[in-house]
Amino acid sequence: MNDDHKIGSGSTHNSVPERIAKLEAVLPTLATKTDVEKASHEVTKWVVGTMVGGVGLFIVIMTFVLNNAVPKTSAPTGTQPSPIIIQVPAQALQPPPQAK
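So for the sequence shown, my numbering puts the first residue at 46; every next one is plus one.
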């Protein structure tokens with residue numbers, strides 16, 4: 046069998062120790078499961094925080110718009126409604142005639 050055939054990214058069987066040395070040099074800089082999980086939690090925290098802030102801002106804006114967009118109906122200030130006057134006819138005030 047020929048030992049000169051290519052494997053992977055152009056390296057030969059004879060350079061396995063070199064490949065291992067490269068992997069060992071890069072290995073400390075790779076992310077671990079803990080690093081990936083921590084980054085995932087950070088992203089989740091920011092997404093939830095942004096959503097809570099957005100909903101709060103939406104509620105504040107809608108409250109402001111709804112309170113100021115509709116014109117307020119104001120009662121006239123300083124004036125009272127006119128009084129109701131009931132007029133009783135003069136005949137109703139006279140006592141009924143007495144029978145003898």
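All residues carry an ideal CB built from backbone N, CA and C; glycine is no exception.
In the DSSP assignment, the alpha helix (DSSP H) including T77 goes from what residue to what residue? Taking the first residue of the sequence shown as position 1, residue 77 is located at position 32. Element bounds for T77: n/a, residue is neither H nor E.
At the level of alpha carbons, what is the spacing between T74 and A66? The sequence position of residue 74 within the sequence shown is 29, counting from 1. The sequence position of residue 66 within the sequence shown is 21, counting from 1. Computed Cα separation, rounded: 14 angstroms.
Helix or strand or just coil, what does DSSP make of S119? Within the sequence shown, numbered from 1, the residue matching residue 119 stands at position 74. The answer is coil: DSSP assigns S119 none of H, G, I, E or B.
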